[in-house]
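Chains as they are written, first to last, in the numbering used here: chain A, 2 to 208; chain B, 2 to 208. Just so it is clear, CB atoms sit at the ideal spot from N, CA and C, and this is done for glycine as well. Below is one structure, written out as structure tokens; the observations come after it.
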DNA sequence: GAAATTCTTGACCATACGGTCAACGGAACG
DNA sequence: CGTTCCGTTGACCGTATGGTCAAGAATTTC
């Protein structure tokens with residue numbers, strides 16, 4: 002389905018329904034583990050009908066992935082170079098944590114893809130994602146040289162933020178298996194922990 | 002193959018060969034994505050021969066998983082309750098980071114399993130793993146009440162250590178796509194970053 | 001309201017995959 | 001040397017899966 006014309010109402014609706022269903026199935030089972038029958042069933046459509054809107058299973062998957070990168074990078078873009086460094090980074094941490102809470106399927110889709118070698122989005126990682134991180138690292142470095150941020154490797158700082166926040170979406174089963182209480186409580190605890198944790202680590206040492 | 006008798010030399014060797022090959026294939030493609038043909042080929046055996054040593058694909062997988070949990074928890078057991086808190090935890094961080102470097106396939110196998118809901122090791126998470134973490138959290142709490150460790154949630158501290166260290170194995174493709182240099186350099190940088198990062202976060206504030 | 005276009009699906013196809021089995025090879029042991 | 005047991009595999013089976021197609025249903029267009 003190479004669509005040049007504007008989509009009809011039905012096309013728009015069904016493509017959205019399919020992508021939403023596919024997001025759930027792919028994030029639960031990975032690309033290989035997901036089946037078109039599962040996706041079709043979750044979407045409430047027949048399998049041939051799904052393939053009427055998307056040429057193949059792969060096209061559904063790559064459509065999802067490419068649409069997601071933008072969403073995924075948004076919180077990084079919101080960092081204000083004019084703001085107070087520690088608060089800006091803590092704001093970023095909290096936005097990422099909220100994404101883990103509100104968009105866990107999207108997070109697990111990425112996790113599945115990257116754990117298995119990112120065969121379908123490696124170019125996006127090496128392109129737009131790397132560029133965005135490079136810019137951010139430069140900003141962090143300038144904050145550090147101004148003495149407004151603890152002097153640590155900015156790239157690995159970003160990695161640590163991704164790791165600690167996405168952990169609550171990607172490994173939620175493990176978290177739930179170890180902690181008592183419900184998921185909402187876990188996220189509140191995580192927010193409090195990450196706030197005090199990053200605040201300590203990032204605040205420059207007074208000499 | 003429910004083996005009660007001691008394994009013959011050939012059995013021992015071939016089971017090991019199969020498990021090693023399966024570890025590579027499962028960690029690269031996940032349970033569903035891996036095929037018996039791939040495993041057999043990687044092991045240098047025919048498919049029926051593989052099934053002569055293991056009753057099914059599932060048995061190979063669960064054998065791998067259960068054998069791994071022990072290895073995975075070892076670094077946690079090495080924490081010395083009599084040691085200096087911050088140094089003990091930093092030692093744990095470094096041991097976990099080394100595991101990501103030296104056993105990336107094992108790390109990715111776990112990651113794949115847990116991201117997809119841990120359907121086959123949930124009981125091990127809720128059992129031995131939770132017990133071990135409970136003990137560790139108790140130790141951390143006692144250190145905190147003695148004022149020898151910053152006062153932060155011990156469970157989420159453990160999660161953060163898992164997340165930040167395993168990130169370098171599970172998401173190595175992403176790390177390599179963003180950083181320059183080779184993997185060895187990335188691990189050196191990571192070690193330095195995590196040391197200064199956790200040192201700052203864990204050292205109790207002097208009043 | 002008829003023609004044209006879009007949408008939907010049951011039936012089908014080819015391939016891949018997990019697993020079986022009968023038969024053969026080879027070594028140990030009397 | 002013959003028996004026995006372990007190890008090995010080519011050929012095969014049933015099912016699942018991605019994808020096709022022709023024909024019919026629904027909707028839009030004039």
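In chain A, which residues lie with their C-beta within 7 angstroms of the C-beta of residue i?
{"i": "residue 161 of chain B", "result": "165 and 198"}
{"i": "residue 1 of chain B", "result": "Outside the displayed range of chain B (2 to 208) lies residue 1 of chain B, so it cannot be described from this structure."}
{"i": "residue 282 of chain B", "result": "In the structure as shown, chain B starts at 2 and stops at 208, and residue 282 of chain B therefore has no counterpart that could be examined."}
Under a CB-based cut-off of 9 angstroms, is residue i close to chain B?
{"i": "residue 99 of chain A", "result": "no"}
{"i": "residue 180 of chain A", "result": "yes"}
{"i": "residue 131 of chain A", "result": "yes"}
{"i": "residue 34 of chain A", "result": "yes"}
{"i": "residue 55 of chain A", "result": "no"}
{"i": "residue 171 of chain A", "result": "yes"}
{"i": "residue 151 of chain A", "result": "yes"}
{"i": "residue 201 of chain A", "result": "yes"}
{"i": "residue 206 of chain A", "result": "yes"}
{"i": "residue 42 of chain A", "result": "no"}
{"i": "residue 10 of chain A", "result": "no"}
Along chain B, in chain order, which residues have C-beta atoms closer than 8 angstroms to that of residue i?
{"i": "residue 29 of chain A", "result": "117 and 118"}
{"i": "residue 154 of chain A", "result": "190, 193 and 194"}
{"i": "residue 123 of chain A", "result": "174 and 178"}
With distances taken between CB atoms, is the gap from residue i to residue j smaller than 9 angstroms?
{"i": "residue 156 of chain A", "j": "residue 138 of chain A", "result": "yes"}
{"i": "residue 46 of chain B", "j": "residue 19 of chain B", "result": "yes"}
{"i": "residue 195 of chain A", "j": "residue 107 of chain A", "result": "no"}
{"i": "residue 179 of chain B", "j": "residue 93 of chain B", "result": "no"}
{"i": "residue 90 of chain B", "j": "residue 175 of chain A", "result": "no"}
{"i": "residue 109 of chain A", "j": "residue 170 of chain A", "result": "yes"}
{"i": "residue 1 of chain A", "j": "residue 193 of chain B", "result": "Because chain A spans 2 through 208 in this model, residue 1 of chain A falls outside it and cannot be assessed."}
{"i": "residue 200 of chain B", "j": "residue 31 of chain A", "result": "no"}
{"i": "residue 27 of chain A", "j": "residue 113 of chain A", "result": "yes"}
{"i": "residue 86 of chain A", "j": "residue 173 of chain A", "result": "no"}
{"i": "residue 102 of chain B", "j": "residue 55 of chain B", "result": "no"}
{"i": "residue 165 of chain B", "j": "residue 165 of chain A", "result": "yes"}
{"i": "residue 150 of chain B", "j": "residue 80 of chain B", "result": "no"}
{"i": "residue 191 of chain A", "j": "residue 98 of chain A", "result": "yes"}
{"i": "residue 29 of chain B", "j": "residue 118 of chain A", "result": "yes"}
{"i": "residue 58 of chain B", "j": "residue 22 of chain B", "result": "no"}
{"i": "residue 134 of chain A", "j": "residue 159 of chain A", "result": "yes"}
{"i": "residue 198 of chain A", "j": "residue 202 of chain B", "result": "yes"}
Strictly under 9 angstroms for the Cβ-Cβ distance: is residue i near chain A by that measure?
{"i": "residue 2 of chain B", "result": "At residue 2 of chain B the pLDDT is 35, less than 50, meaning the model places this residue with poor confidence; the figure from the coordinates comes in the next sentence. Not one chain A Cβ lies under 9 angstroms of residue 2 of chain B."}
{"i": "residue 16 of chain B", "result": "no"}
{"i": "residue 184 of chain B", "result": "no"}
{"i": "residue 157 of chain B", "result": "yes"}
Identify the contact partners of residue i in chain A, using a Cβ-Cβ distance below 8 angstroms as the criterion.
{"i": "residue 134 of chain B", "result": "179"}
What does residue i touch in chain B if you count any residue whose Cβ is under 7 angstroms from its own?
{"i": "residue 113 of chain A", "result": "116"}
{"i": "residue 22 of chain A", "result": "The contacting residues do not exist; residue 22 of chain A stays about 17 angstroms from chain B at best."}
Taking residue i as the query, report the chain B residues whose CB atoms sit under 9 angstroms from its CB, ordered along the chain.
{"i": "residue 102 of chain A", "result": "Those within 9 angstroms of residue 102 of chain A in chain B number zero; the least Cβ separation is about 14 angstroms."}
- Task: Jot down the residue ranges of each uninterrupted alpha helix (DSSP H) in the segment 110-159 of chain B, minimum 4 residues, whole runs only, in chain order.
- Result: 131-146
Is the segment 51-67 of chain A in contact with the segment 55-73 of chain B, if contact means three or more CB pairs nearer than 8 angstroms?
no
Enumerate, from N- to C-terminal direction, the unbroken alpha helix (DSSP H) stretches of 4 or more residues contained entirely within the segment 26-94 of chain B. 37-44, 48-54 and 58-78
Practice prompt. Take every Cβ of the segment 42-59 of chain A, pair it with every Cβ of the segment 74-93 of chain A, and state whether three or more of those distances are shorter than 8 angstroms.
Written response: no
Validate contact between the segment 129-143 of chain A and the segment 134-154 of chain B using beta carbons, cut 8 angstroms, 3 pairs | no
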